[in-house]
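Numbering (our numbering), first residue to last: 79 to 203.
What follows is a set of notes on a single structure, which appears directly below.
Listed below in structure tokens is the structure:
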């Protein structure tokens, strides 16, 4: 397994662990339930965006190597659209999702990616 696939797998399991922890805490603290549901929504969308970005980067590398034909796509547009959809869901249903928690956790995947990569580099030595 190469480094990128290992990094993506660790990111997915880290986000799943975060989601599980948020659901458990939301059940223990019902007065803050919307905050933790917002974190779950934002972290899920963030993870999807990171995985999609890795897929697009792999396709660009394959196109540069001549393995596949380069074709136009809406990579950045799709990632922005999913983030906007998460924010619109939070604004439309404030009784289920906290808006600030969704907005703040939309970058969780990118931050976790850096932290996981840093830990992987430290473990190589």
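Beta carbons are placed, not taken as given, at the ideal position from N, Cα and C, and that holds for glycine.
Remember, predicted model here, so these are calculated numbers, not experimental data.
(request) Count the CB pairs spanning the stretch 119-139 and the stretch 88-96 that are closer than 8 Å, and state whether there are at least three. (result) Under the 8 Å Cβ criterion, the stretch 119-139 counts as touching the stretch 88-96, having at least three qualifying pairs.
(request) Would you kindly work out how many angstroms separate the C-alpha atoms of residue 163 and residue 196, rounded to a whole number? (result) Near 31 Å, if we compare the C-alpha coordinates of residue 196 and residue 163.
(request) Kindly list the residues whose CB is nearer than 7 Å to the CB of residue 169, restricted to its own chain and excluding five residues on each side of it in sequence; keep chain order. (result) Result list for residue 169: 177, in chain order.
(request) Out of 117, 201 and 187, point me to the one whose CA is closest to residue 98's CA. (result) Considering only alpha carbons, the answer is 117.
(request) Please state whether DSSP places residue 151 in a helix, a strand or coil. (result) In this structure, DSSP gives residue 151 a state outside helix and strand, which the three-state scheme calls coil.
(request) Could you round the C-beta distance between residue 157 and residue 130 to whole angstroms and report it? I think they count as a contact, below 8 Å. (result) Contact annotation, residue 157 with residue 130: C-beta distance approximately 6 Å; criterion of less than 8 Å satisfied.
(request) Determine the contact status of residue 115 and residue 175, defining contact as a CB-CB distance below 8 Å. (result) Against a cut-off of 8 Å, the Cβ pair of residue 175 and residue 115 comes out as a contact.
(request) Report all residues from its chain with a CB closer than 7 Å to the CB of residue 103; omit the five preceding and five following residues, and keep chain order. (result) So the list reads 114, once near-sequence residues are dropped.
(message) Considering Cα atoms alone, identify which of 83, 86, 84 and 119 is closest to residue 183.
(response) Checked all of 83, 86, 84 and 119; the closest Cα to residue 183 is 119.
(request) Taking 8 Å as the cut-off, decide whether the C-beta atoms of residue 148 and residue 141 are in contact. (result) In contact: residue 148 and residue 141 (Cβ atoms closer than 8 Å).
(request) Given a cut-off of 8 Å, decide if residue 132 and residue 86 are closer than it, judged by their beta-carbon atoms. (result) Going by C-beta atoms, residue 86 is nearer than 8 Å to residue 132.
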